[in-house]
Amino acid sequence: DSGVTQTPKHLITATGQRVTLRCSPRSGDLSVYWYQQSLDQGLQFLIHYYNGEERAKGNILERFSAQQFPDLHSELNLSSLELGDSALYFCASSEAVDYGYTFGSGTRLTVV
Amino acid sequence: AQKVTQAQTEISVVEKEDVTLDCVYETRDTTYYLFWYKQPPSGELVFLIRRNSFDEQNEISGRYSWNFQKSTSSFNFTITASQVVDSAVYFCALSERKAAGNKLTFGGGTRVLVKP
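Chains as they are written, first to last, in this note's numbering: chain S, 1 to 112; chain X, 1 to 116.
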């Protein structure tokens, strides 16, 4: 167990729907990062939150949004889902870059 | 912009052979961090090593060793006496130290298949 908890582990939904992925960071970590792993794009950075504030954005679609709550857990919201959004979504947490990143086990999203 | 290149997409070896995975990176920062992660068939990302840009010492951990050379912007990974359990996808990644956020940039990964 890495200490980073992601739920659900698997999600199957239809095109056009909206889903929410949840991430609880490792105890003490203030930073949460979201990554998308797809077959054609590899591992892509989506967004970084630090202590509730958005710090950096990657190639995140406008249909996607995220937030980090006061208890430091984070949610990634994906809306108007398309077949191409099917991917493995990882959350990672970090105390500071010097200490590296710990990844959760991922949420596998399948859009049908 | 930072970039990580893993030129080898797939390597197949027979058990007990050594295998070296190449990683070349690009960054304009003088302070940065390099990582290797393992992704077994189960899908999770397992941390293997972190190196900062000021520490060029090679490292050995069991059957794993890493060769960091700033002069060639490379951070190569060797598995000695490979085992079937080493079969996985291995990712090299780079993080720059920025106040605004320290995202990881991953290479495309190298799939290692160790045959018995």
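Glycine is no exception: its CB is placed at the ideal position from the N, C-alpha and C atoms.
Going by C-alpha distance, which of S:L109, S:G42 and S:R18 is nearest F64 (chain S)? S:R18
Just to check my reading of the structure: D85 (chain S) and L109 (chain S) have Cβ atoms closer than 8 Å, yes? What is that Cβ distance to the nearest angstrom? 7 Å
Which residues of chain X have a Cβ atom closer than 9 Å to the Cβ of Y33 (chain S), listed in chain order? G101, N102, K103 and L104
T107 (chain S) versus K9 (chain S) - alpha carbon distance: 4 Å
Can you round the beta-carbon distance between S134 (chain X) and C23 (chain X) to whole angstroms, since I take them to be within the 8 Å contact cut? Lying outside 1 to 116, the shown extent of chain X, residue 134 (chain X) is not represented and no answer is given.
Count the other CB atoms within 10 Å of the CB of G3 (chain S); is the residue buried (16 or more) or exposed (fewer)? exposed
Does any residue of chain X bring its CB to less than 8 Å from the CB of A14 (chain S)? no
Rounded straight-line distance, which links the Cα of T9 (chain X) to that of Q6 (chain S): 28 Å
Please list the residues of the segment 44 to 62 of chain X that have a C-beta atom closer than 7 Å to any C-beta atom in chain S, keeping them in chain order. E44, L45, F47 and R50
Would you mind sorting P25 (chain S) into buried or exposed? The rule is 16 or more other CB atoms within 10 Å of its CB. buried
Below 8 Å on the Cβ atoms is my guess for K103 (chain X) versus H48 (chain S); work out the distance and round it to an integer in Å. 6 Å
Under 8 Å between C-beta atoms, does F103 (chain S) make it to chain X? yes
Roughly how many angstroms separate the alpha carbons of I49 (chain X) and T13 (chain S), rounded to a whole number? 36 Å
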